[in-house]
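If you read the sequence shown in this note's numbering, its first letter stands for residue 910, the second for the next number, and so on.
Let me begin by presenting the structure, written as structure tokens, before commenting on it.
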Amino acid sequence: MTIKTESVSLEDARRVVAAGEAKADEIGSPSNIAVVDVGGNLVAHIRMDEAWIGSVDISISKAFTSRAFDISTADLAANAGPGEQFFGINASNNGRVMIFAGGVPLRLGDRIVGAVGVSGGSGEQDQTVAEAAATAF
């Protein structure tokens, strides 16, 4: 049996990144914005002027996490605290799992075909930018 999948294209990723960049500009939060495909592989990334260098990897990892678990990183974080069902999940996947807000799955109908990850501001700012970016998909 062969499984056919659909995935984010470079054109899609550019549109998602552009929408995220516009929202980040609007709210004054220089950001790193990453888009991954259905396999969790990086398709596109930007680091806006004055965005933190340390957030490059975090934005990519947020996108990966969102796709790897098909959930927003904010929702995953809500279940990853002490005593919660996913406590310690951030240590999995060689520490690549991010439990900060700012990772959002990209959906085509009822299927997830990629994800966007944003880092550079507060959790609330990152989530706002990621949601705006995902809406452009």
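Note that the Cβ used here is the ideal one computed from N, Cα and C, for glycine as well.
Since this is a predicted model, take the numbers as computed values, not measurements.
Between the CA atoms of residue j and residue i - distance to the nearest angstrom
{"i": "Ala989", "j": "Met957", "result": "30 Å"}
{"i": "Ser1028", "j": "Lys913", "result": "32 Å"}
{"i": "Ser940", "j": "Glu959", "result": "8 Å"}
{"i": "Gly1032", "j": "Val926", "result": "18 Å"}
{"i": "Ile1008", "j": "Ala928", "result": "23 Å"}
{"i": "Asn999", "j": "Thr911", "result": "32 Å"}
{"i": "Ala931", "j": "Gly997", "result": "34 Å"}
Beta carbon proximity, residue i to chain B, threshold 7 Å
{"i": "Gly1011", "result": "Going by chain labels, chain B is absent from the structure shown, which holds only one protein chain."}
Close-in-space but distant-in-sequence residues of the same chain around residue i (CB under 7 Å, 5 per side omitted)
{"i": "Thr969", "result": "The sequence given here has Ile at residue 969, not Thr. Within the same chain, Ile969 has close Cβ partners Ala943, Leu951, His954 and Gly1026."}
{"i": "Ser975", "result": "Ser981, Thr982, Gly1012, Val1013, Pro1014, Ala1024 and Gly1026"}
Closest Cα partner of residue i within the set the options
{"i": "Gly1023", "options": "Lys971, Ala987, Leu985 and Glu959", "result": "Lys971"}
{"i": "Gln994", "options": "Asn1003, Leu919 and Asp984", "result": "Asp984"}
{"i": "Asn1002", "options": "Gly1030, Ala986, Phe973 and Gly992", "result": "Phe973"}
{"i": "Ile967", "options": "Pro991, Gly997 and Gly1004", "result": "Gly1004"}
Cβ neighbours of residue i in the same chain (closer than 8 Å, five flanking residues each side left out)
{"i": "Ser916", "result": "Asp946, Val947, Gly948, Val1022 and Gly1023"}
{"i": "Ile962", "result": "Arg956"}
Contact set for residue i: own chain, Cβ-Cβ below 6 Å, skip 5 residues either direction
{"i": "Ala977", "result": "Gly949"}
Test item: CB-CB of residue i and residue j under 7 Å
{"i": "Ala1010", "j": "Asp979", "result": "no"}
{"i": "Ala1045", "j": "Arg923", "result": "no"}
{"i": "Val1038", "j": "Ala933", "result": "yes"}
{"i": "Ser938", "j": "Gly1018", "result": "no"}
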